[in-house]
Amino acid sequence: MNKLLVVCGPTSTGKTGLAISLAKKFNGEIVSADSRQVYKGLNIGTGKDLPKGAKLKYLWMKRFGYYEIKDVKIWGYDLADSRHSFSVSQYLKFAERIIADIIKRGKLPILVGGTGLYIKGVIDGISTAEVPKSGALRKSLEDKSPEELFENLAQIDSIKAAVMNVSDKKNPRRLVRAIEIAMWRVNHGSKGSEMKNKRIDLDVLQIGLAANEKYLNNKIEQRVSERFKEKLKNEIANLLKNHVDWEMQSMSSMGYGEWRDFFEGRKSEKEVIETWEKEEKKYVKRQITWFKKDGRIKWFDITNKDYPESVEKIVEKWHNRADA
RNA sequence: GCUGAGGUGGCGGAGCGGUCAAACGCACGAGACUGUAAAUCUCGCGUCCGAAAGGGCUACUCAGGUUCGAAUCCUGACCUCAGCA
């Protein structure tokens with residue numbers, strides 16, 4: 175069976191660095207699973223860590239390109255215009271094709287990132303990913319309260335309504351999507367209920383990188399100030415000049431949205447940096463809650479000096495294993 | 001030194017006699033999550049007992065007082081800020 179290596183975990187655990195060295199050892203190529211690195215022009219804040227002057231290169235496929243870091247190909251950056259919205263479904267389409275391509279070329283695909291849903295989507299599939307979003311429907315629902323939305327959903331798909339958990343019942347975004355899916359099913363009859371989970375058949379090894387909170391918090395502070403020094407502010411100013419708006423999805427990224435208050439004169443640089451740091455720290459916790467539920471992940475503590483060797487050993491064993 | 005404003009939970013900030021363990025926001029803790037996921041959402045957050053309902057205790061700078069009842073009114077002390085000297 176074809177193999178897929180995954181490196182996941184919270185932000186600032188050095189996933190990319192580890193992945194690069196693994197790629198070198200095991201003849202692999204990296205596929206980023208990061209919902210923000212997909213945006214063109216968001217480089218510093220999303221931590222693309224590109225060498226100076228790096229350019230997107232293309233293989234036979236014109237639609238997707240890769241960067242090269244230390245001679246390792248890395249896919250999944252710059253998939254979308256920063257003025258557009260992006261979603262898991264687009265990501266999945268991309269990932270499927272590129273992973274297949276990497277395998278075809280005889281290399282090991284290494285999926286790396288902190289966006290849990292994207293990784294899960296690649297591994298397990300998302301059965302409703304194909305039902306398209308309906309701008310008109312979303313627009314018509316945008317002023318409704320969660321209660322009204324829930325009522326609405328219950329009328330179309332009572333089963334889905336019953337199955338939703340307490341927090342999602344009050345989550346307008348989730349409710350709207352649920353209604354969207356329910357409507358789509360209604361309009362597509364039996365075809366609608368036969369949606370298949372299009373997951374790829376792969377032998378997956380998931381490596382998780384972890385560290386204690388204090389260590390990560392330190393790392394974050396360090397990183398934030400580095401990114402600030404790298405002129406993230408200029409990057410944002412540039413984005414704004416190119417008609418990227420504060421309201422756009424890309425600008426809700428950490429390290430970007432927080433700057434609105436600065437650019438509009440409400441906050442000082444220092445204050446922005448403080449809230450940005452806090453956001454990063456909270457994000458780490460959310461990521462941990464997500465990842466720790468997945469029992470398939472093999473965890474490694476990065477404060478342990480020889481963790482790279484331990485990872486290598488496990489990967490090696492898995493890599494050489496003929497087949498399950 | 002005089003005059004004016006004020007001192008509320010980890011912070012900001014409501015409340016201005018009862019319905020106040022104290023709105024709301026932040027921070028913090030726990031959690032959810034299948035086309036926005038670095039997004040979005042839920043719950044908890046003085047303290048003690050309880051599975052819960054609920055109950056006890058201590059609380060709005062401090063000390064007194066008025067009142068059936070005070071974070072809210074009065075007196076004094078201490079402190080802070082603004083204006084005048």
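Be aware that the first sequence starts at 175, since it is given in my numbering, and climbs by one per residue.
Backbone N, C-alpha and C fix where the C-beta goes; we use that ideal spot for every residue, glycine too.
Spatial neighbours of Ser-186 in its own chain (CB-CB distance under 7 Å, excluding positions within 5 residues in sequence) are listed in chain order as Leu-390, Lys-393, Ile-394 and Arg-397. Following the DSSP letters along the chain, one finds Ser-206 inside the beta strand (DSSP E) bounded by residues 202-206. With 16 or more other Cβ atoms from the protein chains shown falling within 10 Å of its own Cβ, Ser-209 counts as buried. Judged by beta-carbon spacing, Lys-177 lies within the 8 Å limit of Leu-376, meaning their Cβ atoms are closer than that value. By the beta-carbon neighbour count (other beta carbons within 10 angstroms, threshold 16), Ala-384 is buried. Here Pro-283 is buried: its Cβ has 16 or more other Cβ atoms, across all protein chains shown, within 10 Å. In the structure shown, the three-state DSSP call for Leu-282 is strand. Judged by DSSP secondary structure, Glu-242 falls within the beta strand (DSSP E) whose first and last residues are 239-243. According to DSSP, Asp-377 shares a beta bridge with Lys-177. Lys-226 sits away from Glu-242, with the two beta carbons spaced by 8 Å or more.
For Lys-403, the enclosing alpha helix (DSSP H) starts and ends at 387-403. In the three-state reduction of the DSSP assignment, Gly-363 falls in the helix class. Within the model, the alpha-carbon separation for Phe-465 versus Val-378 is close to 16 Å.
Ile-447: member of the alpha helix (DSSP H) spanning 443-465, first to last residue. Distance check between Arg-237 and each of Ile-381, Ile-272 and Glu-354 places Ile-272 closest, using alpha-carbon atoms only. Distances from the alpha-carbon of Ile-410 to those of Asn-217, Ser-301 and Ala-197 put Asn-217 closest. Closest in C-alpha terms to Gly-290, from the list Glu-490, Cys-182 and Val-489, comes Cys-182. In this structure, the straight-line span from the alpha carbon of Asp-255 to that of Ile-333 is close to 37 Å. Within the segment 259-346, the alpha helix (DSSP H) runs of at least 4 residues that lie entirely inside it are, in chain order, 262-278, 290-298, 309-315, 320-330, 332-337 and 340-343. Under the three-state reduction of DSSP output, Val-246 falls in the strand class.
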